[in-house]
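Heads up: the sequence lines are chains A and B, in that order.
Residues 3 to 372 (my numbering) make up the first sequence, in order.
Residues 3 to 372 (my numbering) make up the second sequence, in order.
All C-beta atoms in this analysis are idealised placements derived from N, C-alpha and C, irrespective of residue type, glycine included.
Because the structure is a prediction, the values reported are computed rather than measured.
There are 2 protein chains.
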Amino acid sequence: MKKLAIFTVLSLAVSTAHAAPQNPLIIEQQGSFAIGGIVKTSEGKYNSRPEMTQTKTSNEFMDVYKVNITNGGQTLHGDHATVSYQIPSNVKSLPLVFLHGAGQSMRTWQTTPDGREGWNTLFLRKNYAIYLVDQPRRGWSGRSTVDGSIPAIPDDQFWFAQFRMGEYPHFFKGVAFPQDAASLDQFFRQMTPNTGPFDASVISNSLKALFDRIGNGVLVTHSQGGSPGWLTGIKVPEKVKGIVAIEPGNFPFLEGEVPPIVESAYGNITADSVKKADFDKLTKMPIIIYFGDNIAEEPSKIQGEDQWRIRLLLAKKWAEVVNKHGGDVQVVHLPDVGIKGNTHFMMQDLNSAEVAEHLDGWLKEKGLSN
Amino acid sequence: MKKLAIFTVLSLAVSTAHAAPQNPLIIEQQGSFAIGGIVKTSEGKYNSRPEMTQTKTSNEFMDVYKVNITNGGQTLHGDHATVSYQIPSNVKSLPLVFLHGAGQSMRTWQTTPDGREGWNTLFLRKNYAIYLVDQPRRGWSGRSTVDGSIPAIPDDQFWFAQFRMGEYPHFFKGVAFPQDAASLDQFFRQMTPNTGPFDASVISNSLKALFDRIGNGVLVTHSQGGSPGWLTGIKVPEKVKGIVAIEPGNFPFLEGEVPPIVESAYGNITADSVKKADFDKLTKMPIIIYFGDNIAEEPSKIQGEDQWRIRLLLAKKWAEVVNKHGGDVQVVHLPDVGIKGNTHFMMQDLNSAEVAEHLDGWLKEKGLSN
Numbered sequence: 003m004k005k006l007a008i009f010t011v012l013s014l015a016v017s018t019a020h021a022a023p024q025n026p027l028i029i030e031q032q033g034s035f036a037i038g039g040i041v042k043t044s045e046g047k048y049n050s051r052p053e054m055t056q057t058k059t060s061n062e063f064m065d066v067y068k069v070n071i072t073n074g075g076q077t078l079h080g081d082h083a084t085v086s087y088q089i090p091s092n093v094k095s096l097p098l099v100f101l102h103g104a105g106q107s108m109r110t111w112q113t114t115p116d117g118r119e120g121w122n123t124l125f126l127r128k129n130y131a132i133y134l135v136d137q138p139r140r141g142w143s144g145r146s147t148v149d150g151s152i153p154a155i156p157d158d159q160f161w162f163a164q165f166r167m168g169e170y171p172h173f174f175k176g177v178a179f180p181q182d183a184a185s186l187d188q189f190f191r192q193m194t195p196n197t198g199p200f201d202a203s204v205i206s207n208s209l210k211a212l213f214d215r216i217g218n219g220v221l222v223t224h225s226q227g228g229s230p231g232w233l234t235g236i237k238v239p240e241k242v243k244g245i246v247a248i249e250p251g252n253f254p255f256l257e258g259e260v261p262p263i264v265e266s267a268y269g270n271i272t273a274d275s276v277k278k279a280d281f282d283k284l285t286k287m288p289i290i291i292y293f294g295d296n297i298a299e300e301p302s303k304i305q306g307e308d309q310w311r312i313r314l315l316l317a318k319k320w321a322e323v324v325n326k327h328g329g330d331v332q333v334v335h336l337p338d339v340g341i342k343g344n345t346h347f348m349m350q351d352l353n354s355a356e357v358a359e360h361l362d363g364w365l366k367e368k369g370l371s372n
Numbered sequence: 003m004k005k006l007a008i009f010t011v012l013s014l015a016v017s018t019a020h021a022a023p024q025n026p027l028i029i030e031q032q033g034s035f036a037i038g039g040i041v042k043t044s045e046g047k048y049n050s051r052p053e054m055t056q057t058k059t060s061n062e063f064m065d066v067y068k069v070n071i072t073n074g075g076q077t078l079h080g081d082h083a084t085v086s087y088q089i090p091s092n093v094k095s096l097p098l099v100f101l102h103g104a105g106q107s108m109r110t111w112q113t114t115p116d117g118r119e120g121w122n123t124l125f126l127r128k129n130y131a132i133y134l135v136d137q138p139r140r141g142w143s144g145r146s147t148v149d150g151s152i153p154a155i156p157d158d159q160f161w162f163a164q165f166r167m168g169e170y171p172h173f174f175k176g177v178a179f180p181q182d183a184a185s186l187d188q189f190f191r192q193m194t195p196n197t198g199p200f201d202a203s204v205i206s207n208s209l210k211a212l213f214d215r216i217g218n219g220v221l222v223t224h225s226q227g228g229s230p231g232w233l234t235g236i237k238v239p240e241k242v243k244g245i246v247a248i249e250p251g252n253f254p255f256l257e258g259e260v261p262p263i264v265e266s267a268y269g270n271i272t273a274d275s276v277k278k279a280d281f282d283k284l285t286k287m288p289i290i291i292y293f294g295d296n297i298a299e300e301p302s303k304i305q306g307e308d309q310w311r312i313r314l315l316l317a318k319k320w321a322e323v324v325n326k327h328g329g330d331v332q333v334v335h336l337p338d339v340g341i342k343g344n345t346h347f348m349m350q351d352l353n354s355a356e357v358a359e360h361l362d363g364w365l366k367e368k369g370l371s372n
């Protein structure tokens with residue numbers, strides 16, 4: 003009976019991917035822009051006609067480039083975020099701003115690995131304006147003011163484990179992730195590296211600039227995006243009207259109320275902390291935190307099960323602390339509400355539309371969907 | 003009088019950027035996917051439960067990551083392109099596939115630096131299906147199978163010169179690029195670096211895979227994208243029904259008919275060459291090559307004027323050679339058809355819609371717009 007149920011879920015997913023076209027999207031405006039960032043300037047004075055020396059066999063513009071970058075007084079515009087937006091017809095008043103997690107870009111929120119519509123399009127269909135972010139030093143926002151290096155190290159299996167698809171090469175039983183080779187290939191190719199050091203402060207500065215530009219909205223973060231997300235809530239609390247955190251990695255506890263290190267065989271977590279004035283800002287907005295399935299209750303030898311065990315534990319502790327101080331934080335462990343099999347990428351799983359419905363319900367309940 | 007004319011152009015541009023909304027876009031389908039690429043595998047056998055050693059003070063998942071990447075038998079899915087597509091209502095039969103140039107991503111084709119609609123949206127409004135590409139090792143396609151390094155070197159002024167905005171800090175007189183500080187800031191922030199070595203063969207492999215997936219289409223390249231574009235035409239000539247090259251950097255001459263090195267104080271060009279069987283493929287499809295304004299006729303001391311002088315020269319020679327062998331190559335030097343002031347980024351210049359109209363006319367003339 004259990005097997006049959008899983009089979010049905012998979013069949014539904016495949017038929018969705020190849021379903022007859024839905025109603026067309028009516029888009030009032032779409033585009034992209036850079037936001038935030040700084041300017042780094044080299045010493046010296048720029049000379050637009052530098053001394054050039056070249057041999058007759060030199061080739062292409064990289065030679066002139068090499069001469070020219072030793073030419074001082076130049077600028078580097080970097081550390082900005084890049085934003086892609088779509089405004090549908092009959093738009094709701096609060097847009098959704100989506101920030102990806104580690105190793106990802108705004109692709110996280112787009113087409114699923116098996117070709118279904120991503121959350122960007124699902125929420126457009128619900129008449130939310132959508133702002134997708136590539137954080138500073140990732141994807142389209144590759145210009146970093148700090149040097150970066152990108153070693154080409156095979157590590158897909160690490161991510162397969164960490165993202166809770168299963169224990170490679172085996173998927174977890176009943177996992178809500180498409181298990182065909184083509185989908186997994188697409189999933190791995192969705193990853194894209196840091197072009198400079200990850201910096202939650204730099205990222206939250208760019209998100210602050212984004213909210214300053216677009217006004218009030220709801221911030222949706224995934225995984226590593228959680229920490230810059232909390233910082234953004236602290237930096238522009240008057241404009242961040244709600245935070246949705248999908249399996250965030252850490253939580254800003256109030257100084258003095260930080261729990262001890264949470265231990266896991268696969269890497270401990272030291273909880274983050276912030277000062278009272280900052281902590282209080284996060285008590286002023288509704289917050290929902292989602293966790294998926296296959297998260298252990300007791301220490302487990304399986305990487306994904308154990309890594310998210312300690313984070314779910316911390317999430318629950320954080321919610322207690324924030325709510326004790328007057329906040330409104332809800333932790334939703336999806337299996338507890340009957341949504342099963344989710345990986346770390348619930349916005350791409352086979353039941354991604356069901357998770358989206360749950361989130362939409364929360365947005366409505368909190369008055370963020372008008 | 004001339005000054006007045008320029009003022010009028012600028013005013014128009016600003017008013018366009020803030021114009022009353024146009025008709026909404028009707029989008030039948032949109033999404034993104036990875037295409038092409040290879041898999042690199044590390045030696046050894048993957049162990050999903052590696053020996054972990056950590057201190058109590060270790061923190062966050064980067065520790066477990068460091069242990070795990072020494073764990074062999076892992077894969078890296080890399081060197082793919084990433085594609086973002088939109089299919090409008092009443093779609094024409096041939097889609098347009100857009101490939102960016104050096105230091106750019108698909109952002110090249112999106113919103114202009116001063117906030118007007120990019121060519122992606124302008125051509126959607128003309129009912130073309132649009133496929134925007136981030137080439138392998140750039141933007142969203144950051145996973146490279148070869149190590150990369152990204153030094154944070156200030157070089158905006160080099161690009162300002164190379165992209166023919168002017169001689170920094172001065173814009174060329176009458177240049178069709180918005181001259182306010184905010185637009186230039188947006189333009190610089192549109193750049194994003196290579197995450198691995200530029201490789202025209204890797205890029206054209208991914209474009210071949212794209213045409214194999216979507217079928218017949220027209221390829222539009224910009225600048226450094228020119229060379230992988232020609233290679234794509236050679237690799238899938240039956241599906242590339244036309245090539246539009248915006249200021250390409252080089253041209254594949256027929257072996258034995260390669261012109262001598264073209265000299266410029268800012269870097270010579272050695273013309274590319276290909277074998278007869280490959281060259282012949284490019285004689286089977288219509289090709290149009292666009293060059294903008296402020297390109298010198300005689301050697302110039304100004305970088306941009308001189309660098310594009312030698313490339314325009316080479317383009318004209320290449321067109322002669324291809325046409326002599328039965329091809330259909332047209333070189334359009336925009337000032338010759340009354341379109342003035344264009345930089346290297348004619349798809350973003352103040353008159354970008356006018357250039358788009360010219361291109362649309364060519365597509366119609368060649369039967370590529372049905």
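Self-check item: Proximity to Q99/A [Cα-Cα], best of G228/A, L256/A and K278/A
Solution: The residue you call residue 99/A lines up with position 97 of the first sequence. A small fix is needed here, since residue 99/A is Val in this sequence, not Gln. Considering only alpha carbons, the answer is G228/A.
Practice problem: Rounded to whole angstroms, what's the CA-CA distance from P195/B to G251/A? Just pull it up for me. | Solution: The residue labelled residue 195/B in the question sits at position 193 within the second sequence. The residue labelled residue 251/A in the question sits at position 249 within the first sequence. The alpha-carbon atoms of P195/B and G251/A are separated by roughly 28 Å.
Exercise. Take S208/B as the anchor and find which of T223/B, A36/B, Q24/B and P254/B has the nearest alpha-carbon.
Key: Locating residue 208/B in the second sequence gives position 206, counting from the first residue. Taking S208/B as reference, the option from T223/B, A36/B, Q24/B and P254/B with the minimal CA-CA separation is A36/B.
Practice problem: Rounded to whole angstroms, what's the CA-CA distance from L284/B to H224/B? Just pull it up for me. | Solution: As a first step, residue 284/B must be located in the second sequence, where it is residue number 282. As a first step, residue 224/B must be located in the second sequence, where it is residue number 222. Going by the C-alpha atoms only, they are around 18 Å apart.
Quiz item: Around the Cβ of A22/A, are there at least 16 other Cβ atoms within 10 angstroms (buried) or fewer (exposed)?
Solution: As a position in the first sequence, residue 22/A is number 20, starting the count at 1. Annotation note: pLDDT 48 at A22/A (below 50); position unreliable, coordinate value reported separately. A22/A is classed as exposed because its beta carbon has fewer than 16 other beta carbons within 10 Å across all chains shown.
Quiz item: Between the Cα of L374/B and the Cα atoms of D136/B, E367/B and M348/B, which residue gives the shortest distance?
Solution: Because chain B in this structure spans residues 3 to 372, residue 374/B falls outside the shown range and cannot be described.
Self-check item: DSSP-derived helix/strand/coil call for V204/B
Solution: Counting from one through the second sequence, the residue named residue 204/B turns up at place 202. Of the three classes helix, strand and coil, the one that applies to V204/B here is helix, per DSSP.
Quiz item: Using 8 Å as the limit for Cβ to Cβ distance, is D157/B near chain A?
Solution: Position 155 of the second sequence, counted from the start, is the residue given in the question as residue 157/B. With 8 Å as the cut-off, D157/B counts as an interface residue toward chain A.
Quiz item: What are the partner residues of I245/B, as DSSP defines its beta bridges?
Solution: Taking the first residue of the second sequence as 1, we reach residue 245/B at position 243. Beta-bridge pairing links I245/B to L221/B and I289/B.
Self-check item: Contact with chain A by S206/B, beta-carbon distance below 8 Å
Solution: Position 204 of the second sequence, counted from the first residue, corresponds to residue 206/B. For S206/B, the answer is no, since every Cβ of chain A falls outside 8 Å of its Cβ.
Quiz item: Is any beta-carbon of chain A found at less than 8 Å from that of I152/B?
Solution: Taking the second sequence and counting its residues from 1, one reaches residue 152/B at position 150. Interface residue, yes.
Quiz item: Three-state secondary structure (DSSP) at Q309/B?
Solution: The count along the second sequence starts at 1 and reaches residue 309/B at position 307. Note: Q309/B maps to helix in three-state DSSP.
Quiz item: So L352/B is in the beta strand (DSSP E); what residue range does that whole segment cover?
Solution: As a position in the second sequence, residue 352/B is number 350, starting the count at 1. First-last for L352/B: undefined, no H or E at that position.
Practice problem: Could you check if V85/A is buried or exposed, using at least 16 other CB atoms within 10 Å of its CB as the buried criterion? | Solution: One-based indexing of the first sequence puts residue 85/A at position 83. By the neighbour-count rule (16 or more Cβ atoms within 10 Å), V85/A is buried.
Quiz item: Do the region 285-298 of chain B and the region 328-347 of chain B meet, that is, are 3 or more Cβ pairs less than 8 Å apart?
Solution: yes
Practice problem: Can you give me the start and stop residues for the alpha helix (DSSP H) that F125/A sits inside? | Solution: Locating residue 125/A in the first sequence gives position 123, where the first residue counts as 1. Segment W121 to R127, the alpha helix (DSSP H) holding F125/A.
Quiz item: In the DSSP assignment, what are the bridge partners of F381/B?
Solution: Because chain B is modelled from 3 through 372, residue 381/B falls outside the range shown and cannot be assessed.
Quiz item: Taking the alpha-carbon positions, what's the S95/A to S371/A distance?
Solution: Walking along the first sequence from the start, residue 95/A turns up at place 93. Walking along the first sequence from the start, residue 371/A turns up at place 369. One alpha carbon belongs to S95/A, the other to S371/A, and they sit about 7 Å apart.
Quiz item: With a CB to CB cut of under 6 Å and the five nearest residues on each side skipped, what residues in its chain are close to H344/B?
Solution: The residue you call residue 344/B lines up with position 342 of the second sequence. The sequence shown places Asn at residue 344/B, rather than the His named in the question. Within the same chain, N344/B has close Cβ partners A178, G294, D295, L336 and D351.
Quiz prompt | Reduced DSSP secondary structure (H/G/I, E/B, other) of G75/A | solution = Locating residue 75/A in the first sequence gives position 73, where the first residue counts as 1. Looking at G75/A - three-state DSSP - the assignment turns out to be coil, as it is neither helix nor strand.
Quiz prompt | Residues bridged to F29/A [DSSP beta-bridge criterion] | solution = Counted from its first residue, the first sequence places residue 29/A at position 27. Note that residue 29/A corresponds to Ile in the displayed sequence, not to Phe. According to DSSP, I29/A bridges with P90/A and L27/B.
Quiz item: Secondary structure at G329/A, three-state DSSP: helix, strand or coil?
Solution: Within the first sequence, residue 329/A is the residue found at index 327, counting from 1. Coil.
Quiz prompt | Assigned exposure category for L365/B - 16 Cβ within 10 Å defines buried | solution = Looking up residue 365/B in the second sequence gives position 363. By the 10 Å Cβ count, L365/B comes out buried.
Quiz item: Excluding five sequence neighbours on each side, which residues of the same chain lie with their C-beta closer than 6 Å to the C-beta of F162/A?
Solution: Locating residue 162/A in the first sequence gives position 160, counting from the first residue. Excluding residues up to 5 positions away in sequence, Y170 lie with their Cβ nearer than 6 Å to the Cβ of F162/A in the same chain.
Quiz item: In chain order, what residues of the same chain lie with their CB nearer than 7 Å to the CB of E359/A, ignoring the 5 residues before and after it?
Solution: The sequence position of residue 359/A within the first sequence is 357, counting from 1. Contacts found: none.
Practice problem: Starting from E78/B, find everything on chain A with Cβ-Cβ shorter than 9 Å and list it in chain order. | Solution: Residue 78/B sits at position 76 when you count from the first residue of the second sequence. Before going further, note that residue 78/B is Leu rather than Glu in the sequence given. The answer, in chain order, is A154, I155, P156, D157, D158 and F190.
Quiz item: Buried or exposed: which applies to G369/A, given that a residue is buried once 16 or more other Cβ atoms fall within 10 Å of its Cβ?
Solution: Translated into positions along the first sequence, residue 369/A becomes position 367. G369/A should be labelled exposed.
Self-check item: Beta-carbon gap between Q76/A and S34/A smaller than 8 Å
Solution: The residue labelled residue 76/A in the question sits at position 74 within the first sequence. The residue labelled residue 34/A in the question sits at position 32 within the first sequence. The answer is no: Cβ separation not under 8 Å.
Quiz item: chain A beta carbons: is any one of them nearer than 8 Å to that of S354/B?
Solution: The residue given as residue 354/B occupies position 352 in the second sequence. For S354/B, the answer is no, since every Cβ of chain A falls outside 8 Å of its Cβ.
Quiz item: Which chain B residues sit within Cβ distance under 7 Å of D149/A?
Solution: Taking the first residue of the first sequence as position 1, residue 149/A is located at position 147. D149/A reaches chain B at I152, P153 and A154, counting residues in chain order whose Cβ is nearer than 7 Å.
Exercise. Under 8 Å between beta-carbons, which chain A residues line up against T113/B? List them in chain order, please.
Key: Here residue 113/B is taken as the residue at index 111 of the second sequence, counted from 1. At a beta-carbon threshold of 8 Å, the residues of chain A lying near T113/B are G33, S34 and F35, ordered along the chain.
Self-check item: Under 7 Å by beta carbon: chain B residues contacting R127/A
Solution: Along the first sequence, one-based indexing puts residue 127/A at 125. Those do not exist, as R127/A stays about 11 Å from chain B at its closest Cβ, beyond 7 Å.
Self-check item: Sequence-distant residues of the same chain with beta carbon closer than 6 Å to Y130/A, five excluded per side
Solution: Locating residue 130/A in the first sequence gives position 128, counting from the first residue. Cβ neighbours of Y130/A beyond the five flanking positions: K94 and L98.
Quiz item: Is P97/B helix, strand or coil when you go by DSSP?
Solution: Locating residue 97/B in the second sequence gives position 95, where the first residue counts as 1. Three-state result, P97/B: coil.
Self-check item: Given P230/A as reference, the closest of I216/A, T72/A, F253/A and L186/A once Cα atoms are compared
Solution: As a position in the first sequence, residue 230/A is number 228, starting the count at 1. Closest by alpha carbon: F253/A.
Quiz item: What in chain B is Cβ-close to H224/A, meaning under 8 Å?
Solution: The sequence position of residue 224/A within the first sequence is 222, counting from 1. Within 8 Å Cβ-Cβ: nothing; H224/A doesn't reach chain B, min ~14 Å.
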